[in-house]
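J.: Before we start, here is the structure in question, set down as structure tokens.
Numbering (the working numbering), first residue to last: 7 to 280.
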């Protein structure tokens, strides 16, 4: 998540979770600044200062405050949403392969994308009267360009303004008996799988990147992964990785549908053998 990328010092999984739980502070601060700016602009207009530029500034601030509400709510609620754990079966080289998927929060991704799209479009629309005030030509060109751009997006890629659940770009963690992989839905289908046998443990998170300590051929290494908006805690990820890295006999359950219950128990901090 964005708050983690802004912190340069190493964070333990519990510290990263604490920051994510406080992610609501970031949109709240922006909203406080926005409301304060709106009040200042309204006061200046009421005092008789030149109102044209101030009124447009007030309109832009108000549009931003309204349009970015979905994104702000998404950031505030993201830590409380549990990920989905599902099993998928496919045919590979004349054999049936079952994979477990931990799917990120689609509500977060959709709300954030819609908020940004509507906010930027609202700013462009609010600038049209300001362009007309400078000259009719500028206003006409601004109106034409903004209208064409918005209509094009609505016709060609309507999911920009009205994101669908199946079209949202959310992160997935793919679990198989050999290892796990991080995938972006409809963006990067699969990256190289990290083998359980090579994993030593999960390390600290620095600027949004989490270290996975590995060893191969008696050589130690670090693999950096970005868990962007998965909707689960870093402590849960560490618990999941440590369990399967240290229990080779339990990895085979990841190739069966019963592994869904095991993974869910680990994510919730429950006994997977119960």
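No residue lacks a Cβ here, since even glycine has one placed at the ideal position from N, Cα and C.
#1: With which residues is residue 226 paired in a DSSP beta bridge?
#2: So the candidates are 23, 222 and 159; which of them puts its Cα closest to the Cα of residue 201?
#3: Going by DSSP, name the residue or residues bridged to residue 188.
#4: Under the three-state reduction of DSSP, which class applies to residue 94: helix, strand or coil?
#5: Measure from the alpha carbon of residue 269 to the alpha carbon of each residue in 105, 42, 43 and 46, then state which is nearest.
#6: Which runs of the alpha helix (DSSP H) spanning at least 4 residues fall entirely within the stretch 11–38, listed in chain order?
#7: Three Cβ pairs or more, each shorter than 8 Å: is that satisfied between the stretch 239–256 and the stretch 198–218?
#8: If you draw a straight line from the C-alpha of residue 67 to the C-alpha of residue 182, how long is it?
#9: Which runs of the alpha helix (DSSP H) spanning at least 4 residues fall entirely within the stretch 236–260, listed in chain order?
#10: DSSP puts residue 207 in a beta bridge; with which residues?
#11: By the 10 Å Cβ neighbour count, where 16 or more other Cβ atoms means buried, how is residue 276 classified, buried or exposed?
#12: I need the straight-line Cα distance from residue 25 to residue 147, nearest angstrom please.
T.: Taking the coordinates as given:
#1: Against the chain shown, residue 226 aligns to sequence position 220. Paired residues: 221.
#2: Taking the chain shown and counting its residues from 1, one reaches residue 201 at position 195. With distances taken between Cα atoms, residue 201 lies closest to 222.
#3: Counting from one through the chain shown, the residue named residue 188 turns up at place 182. Residue 188 is bridged to 179.
#4: Start at 1 with the first residue of the chain shown, and residue 94 comes out as number 88. Looking at residue 94 - three-state DSSP - the assignment turns out to be strand.
#5: For the purposes of this step, residue 269 is identified with residue 263 of the chain shown, where counting begins at 1. Minimum Cα distance to residue 269 is reached at 105.
#6: 19–27
#7: yes
#8: To locate residue 67, count along the chain shown from 1; it is residue 61. To locate residue 182, count along the chain shown from 1; it is residue 176. C-alpha separation (whole angstroms): 48 Å.
#9: 240–252
#10: Reading the chain shown from its first residue, position 201 is the one you call residue 207. Paired residues: 219.
#11: To locate residue 276, count along the chain shown from 1; it is residue 270. Flag for residue 276 reads exposed.
#12: Reading the chain shown from its first residue, position 19 is the one you call residue 25. Reading the chain shown from its first residue, position 141 is the one you call residue 147. Those two C-alpha atoms are separated by around 45 Å.
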